[in-house]
Every structure is written in C-alpha cells, then in structure tokens.
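Just so you know, the sequences run in chain order A and B.
Every number in this note's numbering is 395 more than the matching position in the first sequence, counting from 1.
Every number in this note's numbering is 206 more than the matching position in the second sequence, counting from 1.
Glycine is no exception: its CB is placed at the ideal position from the N, C-alpha and C atoms.
Report on the following structure.
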Amino acid sequence: MSAVSSPAPQASSGARARTINRIVIYGLLALFAIFYLMPLFVMLVTSFKTMDEIQNGNMLSLPHAPTFAPWIKAWSEVCSGLTCVGMKGYFWNSIKMVVPAVLISTLLGALNGYVLTKWRFRGHILVFAMMLFACFIPFQSVLLPMATILGSLGRFGVTLQNATGFNFGLGNSTVNLVFVHVVYGLGFTTLFFRNYYEAFPTELVKAAQVDGASFFQIFRRIMLPNSLPIIVVTVIYQFTNIWNDFLFASAYAGSGDVMPMTVALNNVVNTSTGVVEYNVNMAAAMIAALPTLIVYVVAGRYFVRGLMAGAVKG
Amino acid sequence: MAFLEIDGLKKRFGNVEILKGIDVELEKGGFLVLVGPSGCGKSTLLNTIAGLEQITEGEIRVEGRAINDLHPSKRDIAMVFQSYALYPNMTVAGNIAFGMEMRGVPAAERQKAIDKVAKILQIGHLLKRKPSQLSGGQRQRVAMGRALVRDPKLFLFDEPLSNLDAKLRVDMRIEIKRLHATTGTTIVYVTHDQIEAMTLATKIAVMRDGEVQQFGTPAEIYNNPTNIFVADFMGSPAMNLVPATIGGNGSGLSVVLKPDARAAISLPLANAPAGLSAFKEKPVIFGVRPEALTDPEGAERNASNIATADCHIEVIEPAGSDTFAVTNLGGKAVVARLRADAKIQPGTVTPLAFNLTKAVFFDPATEKRIL
C-alpha cells in the first residue's frame, strides 16, 4: 500500500518546491522592478502636482488635481540661467545633434563592419583591434586633445569663411558635437556590425560580385537590407548614449543657446531664484528622458534579438 | 583549342601552396567535374575560374582569351553556390533579375528573361515569394535559374546538391543532367561525391592536395586509374586493393595472394602489363573492383582472363539488387559482388572468379599504376 501511494506525496512535494522557487524568483524580480521604477513614479506624479501639494502632501501620493502647467512651463517658460524661454530650444538642439550623429556613426560602423569581414585586407585584425580600443578610452582623457582639434577646425572654418564665404559648419557647436560623437561612437558601431557581418554568409557577397554588383551596390542592396536587427541595436545604443551625454556637451557647448538638453536641464535645476519648483524640474527631466524612452519602446523588441544575433551561428 | 583551358595554375596563400600547377581543359558543351576529398583545392580552383580568388601563377582561358585578370562580372560566367546564396531580402524574381539589373537591362526585357527561365525550371508560381518561403529543392531551382538567365559561356556549380536530402539529390542530379543535355551549356562542377562525378561528367579531374591526380573521361578514371588514390576514391563499393606478390613460371606471370591462415592463391596472368615483369618476386598492390570479383556463374562471359580461386567467405551483405560477399586476402577485407540470388553462406569456402582483364597493379612504393 505504502509502495503504491508513495509517488504521490513525492510529486506534490516537488510541485510545492517549484511553487516556492517561483514565488521567490518573481518576488525578487518584482522588488527590483519597484526599486527601479520608484524614482520614475515619483518624477511623474510630482510633475503633475501643484507646488502647494508638493510642499504639504506625501511624495508618493497621486496628484489630487492633476495639472499640465508644470510641463507647459518647463517646455516654454522655465529659466536656464538668465534666459527664461523654456526647454524647447535646447530640446531641438539635442535633436539636431543626435540625429545626424546617430545616422553617420551607424552608417560608418556598418561600412567598417562590411569591409572588415567581407573585403579583408592584410592587417584587418590589427585595424579592428585598434578600433575596439576606442571603446575603452575614458571620455575624460580625450577632452583636452579634442578641444584643441575642435579649436583648429574652428579656425579652419574662419579661413574657409573668408576664402569662400561659407564655413561648411566648422566651428559650429552642434557640428562639433556631432563630430565628437561620431568619432567616439565609431568603435562601438564598428564592433556591433563587424560581429554581425562575421556570421553573414559570404557566399551572398560572392554571388553579388558574379552578378556584377559593385562594392557600394553590394553594401546597399545586399548587406544593409539584411541588417535590420543590428541597425536597431546600434541606433538605440548610439541614440541613448549621445542624447544622455553630459560631459562632451558641457565641455564643447556648455553655454548660450547652443546647449543640448542635458546641459540645459542641469542649469534649470541649478538655477536658484526663490523656491525650487520641483514639479517644473521633474517635468523638464521627463521631457529630457522621453526620446530615449520612446526609442526603447518602439524598437526595443529588436534590441535583445539583435544583441544575440551573430553571437551564435545559425 | 579547347573551350576552357587552365594552364599551369598555381595559388598560394602566403607560403602555403593551395593549388600546385593545375592543367585542365574542356571542350565546348562539356561537363567537367572536379572531385576530391575536402581540402583538396577543388572549390578554390572553381573560385579562381569565377574570379572570386586571384591566382598566383598560370592562366585561365575561355575561347582562347585569358580571363584571369578580369572582374568576376566581366568573365561571362554564372555560378551556383553550395548554400544557393539567394538574396533573402529579394523575391525570387528579384533574385533572378539582380544580375541583369546591375548590368542595366531594361525592366521589360528582364521580365521576359525571368518568364523564360521560370518556364524551363517550372518555378513560375514561386516568382513573388521570398527565399525563406521556399523548400530546399525550390531554392536549388531558383539558384539555377539565376545562373541560367544570364546565358553565360560557362556555368560553375559549387557542390550544389550537398545540402539536399538523399532522394531529392538524385532527382536534382537527373535534372542538372537533363538541363545540360537540352541547353548544351559548358559546365564546371565541384563535388566530393564520386557518384555525382561519374554520372554527370564528360570529363573528370580527380584532385588531392592541390594537384590533379588524374584527368579523363569517367570510363578512363574508373577503369584505368593512374594511382592508388584515384582507384580508391572512385567507385562504390571501393576497389579492392590487396597486397600481393608477382610470381613467375617461365614466360607467364602470376599474382600471388595470401589469404588468412590458408594456402597462397596463385592466379595466372594472361595479359599482364609490360611493366609488371620488373616486379617478379616483388610486392605489388593488386586492384580489383567488386564487380570483377564474382561467383563463377556470374563472371563476364567474354572476358579473356578469368581465374577461379577458393575463398573463405566471412560476411554476406545482401543489398537487394546485389549480394556483397566479404573475404580476406593479404590481411585486407575484400568485397566481391555476387548476383542477388547467389547461394552462398558466411563461414564457407567458395570459389570466386577473378576477372583479371579488369585487374590493375600498383607499385607500393610510388603508389603509381604499373603499366
């Protein structure tokens, strides 16, 4: 009798252990999620509260009378230093910097990856290793040399201006930042594309060669259309990094109306006249964070897929 | 002057010589198969003909014109790759027309060419699909369509059937043969499968370690292998290669085989090759294909030199169409091919007929054929 009935309790004890495991795992995950989401929650609710409510109420409570006034003020009225025109100008500064920088660095990274895997030359490993090295150089160590280079480019721009009447954007702070971010991002974008193209079937390139496609035709018609996952990864990565960058932005475009969003936000929060308007500051911070959030939400499902692609050969 | 001539072709990667002086030629409308074990350089040779690899020395000529310095697209060739290499982002029609598009052929003309090829290969209903929506056999057809549509001077096939399952492989093999017969194109075909080589080729080049071991018609390669490697590589089941000695009584020579733990067998040779007399009382490698080693009733009627000897049968392998009997001669398992209904039992001693007109001899030192 006991021999017959013994499997049942064993099975149920196994099931119980599994349930406990599940509870522990999901409980921990939920805890971490709450830990990370709490600041976002506080920012969001605070940005919709009035100052009265912030000063008298609980930090975690939902707004009694939600208002968009702090958001509107943050967008178009808030003071950054002495100029009080809101964040909108700086928001567009960041957009004007981040879009070209992301596009150029992604495209060049793809081109590098294409050459380093499909048009190998003597010493291609050394070149790749040196490009990888760019990923490990600390930002701080390039600040001064880069400032010198940008200064020279600016003077060259003045010379061009005098000679041709047009400075080709040299010396412009936004152009400078685009340049810096493209150079700094190349190591990463090359790494991403090189690893992806390493697993990309070389026979396709050979077939296209036999079909008479040129170097750039193969790149445009064969490589790029089959690179969507890694393009998404690179764009997300570059967009987030460049948008969030504070060091380069404050060093090379740290004042005046050319500031990117991050520097302006810092100035807004540090501007100390009268009461600190937490709700406006939070709204400004949310505005600064929104584009990266949107990029993640729109393209995020490709992100993990793309990071994994190329790691395992199919 | 042959249609395709490869003359003293060498290919080096750094200090490593991959191809060590290849000389091959093919007539117009011929079907040349490059066959050999993996790493023998056959795919590299094909890639040099395609222009995907540069050559270090020598010359490749098509219709007398050197093409080895031309870009792949200028050589008037088409290639079918092992993985088919269909562009995943384009439809079947787009894949077939890509080459024409690159050469700036007008859209209407491209459409006409696509339709023509689709009709030949019966892939008309697939034209709007992407490669990922096709089966293996269909992809293979599309890959051939992409080659056919160019109407090139020379077709190159790089192990095109190795990714298909066994049944489909046989079907596609017949299809390629039919295509070759109907279109009369000139084809160079790489495979490691000696059956594909035998069935498809008009000329075979057996390669090993970057050298052509033998170049000739399938019959020449099969019946008159120049060395042990070719003899062993071509044919299934493989040729029996047995250590033996040459015995002589007066003018006639005989081949002496040593079965395990039994008296030596001496088979008189009526038409021994001239070079064999130098090997009297010396060891040789005696080569006989399974179909030349049969039961006495199944032996070839009009063969001039048939010798019978008693052999100890160790294993019987009925294969349906034939029965294979395994015996032991000179320390090696030797396969005889018997009729399917042959009454033979394992463990018995049975007379087997050696068709010595089909037998070949090799020098064990140089591994070359004794002629």
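| said: Looking at chain B, is there any beta carbon in it that lies within less than 8 Å of the beta carbon of residue 605 of chain A? | reply: Stepping through the first sequence from its first residue, residue 605 of chain A is reached at position 210. At least one chain B Cβ lies under 8 Å of residue 605 of chain A.
| request: Output, in chain order, the set of chain A residues within a Cβ distance shorter than 7 Å of residue 578 of chain B. | output: Nothing can be reported for residue 578 of chain B: it is not among the residues displayed for chain B, which extend from 207 to 577.
| query | Is the beta carbon of residue 578 of chain B sitting closer than 8 Å to the one on residue 400 of chain B? | reply | Only positions 207 to 577 of chain B appear in the structure, and residue 578 of chain B is not among them; the question remains open.
| How should residue 632 of chain A be labelled, buried or exposed, when 16 other C-beta atoms within 10 angstroms of its C-beta is the threshold for buried? | Position 237 of the first sequence, counted from the first residue, corresponds to residue 632 of chain A. Buried, because 16 or more other Cβ atoms sit within 10 Å of the Cβ of residue 632 of chain A.
| task | Just the C-alpha distance for residue 321 of chain B and residue 693 of chain A, rounded to the nearest angstrom, thanks. | result | Position 115 of the second sequence holds residue 321 of chain B. Position 298 of the first sequence holds residue 693 of chain A. The straight-line gap from Cα to Cα measures roughly 41 Å.
| query | Quick one: what's residue 473 of chain B bridged to in DSSP? | reply | Indexing the second sequence from 1 puts residue 473 of chain B at position 267. According to DSSP, which records beta bridges pairwise, residue 473 of chain B is partnered with B/461.
| Buried or exposed (CB count within 10 angstroms, at least 16 for buried), residue 377 of chain B | Within the second sequence, residue 377 of chain B is the residue found at index 171, counting from 1. With a 10 Å radius around the Cβ and a threshold of 16 neighbouring Cβ atoms, residue 377 of chain B comes out exposed.
| query | Taking the DSSP output, what are the residues bridged to residue 518 of chain B? | reply | Residue mapping note: residue 518 of chain B aligns to position 312 of the second sequence, counting from 1. According to DSSP, residue 518 of chain B bridges with B/555.
| Nearest chain A C-beta to residue 368 of chain B closer than 8 Å, yes or no? | Locating residue 368 of chain B in the second sequence gives position 162, where the first residue counts as 1. False, the Cβ-Cβ gap to chain A never drops below 8 Å.
| message | Could you give the first and the last residue of the continuous beta strand (DSSP E) run that contains residue 419 of chain B? | response | Against the second sequence, residue 419 of chain B aligns to sequence position 213. Under the DSSP assignment, residue 419 of chain B falls in the beta strand (DSSP E) whose first and last residues are 417-422.
| query | In this structure, does DSSP put residue 427 of chain A in helix, strand or coil? | reply | As a first step, residue 427 of chain A is located in the first sequence; it is residue number 32 there, counting from the start. In this structure, residue 427 of chain A counts as helix in the three-state DSSP scheme.
| query | Identify the residues that DSSP records as bridge partners of residue 531 of chain B: which are they? | reply | In the second sequence, residue 531 of chain B corresponds to position 325, counting from 1. According to DSSP, which records beta bridges pairwise, residue 531 of chain B is partnered with B/522 and B/542.
| query | Taking 8 Å as the CB-CB cut-off, is residue 305 of chain B touching chain A? | reply | Position 99 of the second sequence holds residue 305 of chain B. Yes, residue 305 of chain B lies at the interface with chain A (some Cβ there is under 8 Å from its Cβ).
| task | Please check the pair residue 563 of chain B and residue 509 of chain B, which I expect to be a contact at CB under 8 Å, by giving their CB distance rounded to whole angstroms. | result | As a first step, residue 563 of chain B must be located in the second sequence, where it is residue number 357. As a first step, residue 509 of chain B must be located in the second sequence, where it is residue number 303. For a cut-off of 8 Å, the C-beta gap from residue 563 of chain B to residue 509 of chain B is around 5 Å, short enough to register as a contact.
| field | Through-space distance from residue 570 of chain B to residue 547 of chain B, alpha-carbon basis | value | Translated into positions along the second sequence, residue 547 of chain B becomes position 341. Translated into positions along the second sequence, residue 570 of chain B becomes position 364. Straight across, the Cα-Cα distance linking residue 547 of chain B with residue 570 of chain B is about 37 Å.
| message | Taking the alpha-carbon of residue 535 of chain A as reference, which of A/567, A/450, A/647 and A/511 has the nearest alpha-carbon? | response | Here residue 535 of chain A refers to the residue found at position 140 when the first sequence is read from its first residue. That would be A/647, whose Cα lies nearest to the Cα of residue 535 of chain A.
| request: Establish whether the CB of residue 617 of chain A and some CB of chain B are separated by less than 8 Å. | output: Position 222 of the first sequence, counting from 1, holds the residue named residue 617 of chain A. So yes, residue 617 of chain A belongs to the interface.
| query | Are the beta-carbon atoms belonging to residue 565 of chain B and residue 494 of chain B less than 8 Å from one another? | reply | Numbered from 1 along the second sequence, position 359 holds the residue referred to as residue 565 of chain B. Numbered from 1 along the second sequence, position 288 holds the residue referred to as residue 494 of chain B. Yes, these two residues count as a Cβ contact at 8 Å.
| query | Hey, quick one: how far does the beta strand (DSSP E) through residue 213 of chain B stretch, first residue to last? | reply | Locating residue 213 of chain B in the second sequence gives position 7, where the first residue counts as 1. For residue 213 of chain B, the enclosing beta strand (DSSP E) has its first and last residue at 210-219.
| Mind checking whether residue 458 of chain B and residue 474 of chain B have CB atoms under 8 Å apart? | For this step, residue 458 of chain B is matched to residue 252 along the second sequence. For this step, residue 474 of chain B is matched to residue 268 along the second sequence. Yes. Within cutoff.
| said: For residue 346 of chain B, which residues in the same chain have their Cβ closer than 7 Å to its Cβ, ignoring the five residues on either side in sequence? | reply: The residue labelled residue 346 of chain B in the question sits at position 140 within the second sequence. So the list reads 290, 366, 370 and 378, once near-sequence residues are dropped.
| Which whole-angstrom value is the C-beta distance of residue 516 of chain B and residue 555 of chain B, which I expect to be below 8 Å? | Within the second sequence, residue 516 of chain B is the residue found at index 310, counting from 1. Within the second sequence, residue 555 of chain B is the residue found at index 349, counting from 1. Residue 516 of chain B to residue 555 of chain B, Cβ: 5 Å. Contact.
| request: Would you mind stating whether residue 358 of chain B and residue 282 of chain B have Cβ atoms separated by less than 8 Å? | output: In the second sequence, the residue the question calls residue 358 of chain B occupies position 152. In the second sequence, the residue the question calls residue 282 of chain B occupies position 76. Contact: yes.
| Proximal chain A residues relative to residue 575 of chain B, where beta-carbon distance stays under 8 Å | Translated into the one-based positions of the second sequence, residue 575 of chain B becomes position 369. Here the premise fails: no neighbours, minimum Cβ distance about 38 Å.
| query | What are the start and end residues of each continuous alpha helix (DSSP H) run of 4 or more residues lying completely inside the region 407-459 of chain A, in chain order? | reply | List check, alpha helix (DSSP H) in window: 446-451.
| message | I'd like to know if residue 291 of chain B contacts chain D, where contact means its C-beta is closer than 8 Å to some C-beta of that chain. | response | No chain D appears in this structure, whose protein chains are A and B.
| field | Contact between the region 417-430 of chain B and the region 220-232 of chain B (3+ Cβ pairs under 8 Å) | value | By the Cβ criterion, the region 417-430 of chain B is in contact with the region 220-232 of chain B, since at least three pairs of Cβ atoms, one from each stretch, lie closer than 8 Å.
| said: For the region 587-599 of chain A, list every residue whose C-beta sits within 8 Å of some C-beta in chain B, in sequence order. | reply: Against chain B - using a Cβ distance shorter than 8 Å - the residues of the region 587-599 of chain A are 596, 598 and 599.
| field | Cα-Cα separation, residue 659 of chain A to residue 477 of chain A | value | Against the first sequence, residue 659 of chain A aligns to sequence position 264. Against the first sequence, residue 477 of chain A aligns to sequence position 82. Between residue 659 of chain A and residue 477 of chain A, the C-alpha separation is close to 12 Å.
| In its own chain, which residues sit with a C-beta less than 7 Å from the C-beta of residue 576 of chain B, not counting the 5 before and 5 after it? | Residue numbering aside, residue 576 of chain B sits at position 370 when the second sequence is read from its first letter. Excluding sequence neighbours, residue 576 of chain B sits near 479, 481, 482, 485, 490, 567, 568 and 569.
| query | If we ignore side chains and look at the alpha-carbon of each, how far apart do residue 493 of chain A and residue 296 of chain B end up? | reply | Counting from 1 along the first sequence, the entry for residue 493 of chain A is found at position 98. Counting from 1 along the second sequence, the entry for residue 296 of chain B is found at position 90. A direct Cα-to-Cα measurement between residue 493 of chain A and residue 296 of chain B gives close to 32 Å.
| Looking at the unbroken alpha helix (DSSP H) that takes in residue 665 of chain A, where does it start and where does it end? | In the first sequence, residue 665 of chain A corresponds to position 270, counting from 1. Its alpha helix (DSSP H) spans residues 656-665.
| request: Pick helix, strand or coil for residue 564 of chain B, following the three-state DSSP scheme. | output: For the purposes of this step, residue 564 of chain B is taken as residue 358 along the second sequence, with counting starting at 1. Helix at residue 564 of chain B.
| According to DSSP, is residue 488 of chain B helix, strand or coil? | For the purposes of this step, residue 488 of chain B is identified with residue 282 of the second sequence, where counting begins at 1. In this structure, residue 488 of chain B counts as coil in the three-state DSSP scheme.
| field | Interface flag, residue 621 of chain A vs chain B, CB-CB below 8 Å | value | If you number the first sequence from 1, residue 621 of chain A lands on position 226. Residue 621 of chain A counts as touching chain B.
| query | Can you give the Cα-Cα distance for residue 431 of chain B and residue 497 of chain B, rounded to whole angstroms? | reply | Locating residue 431 of chain B in the second sequence gives position 225, where the first residue counts as 1. Locating residue 497 of chain B in the second sequence gives position 291, where the first residue counts as 1. The straight-line gap from Cα to Cα measures roughly 16 Å.
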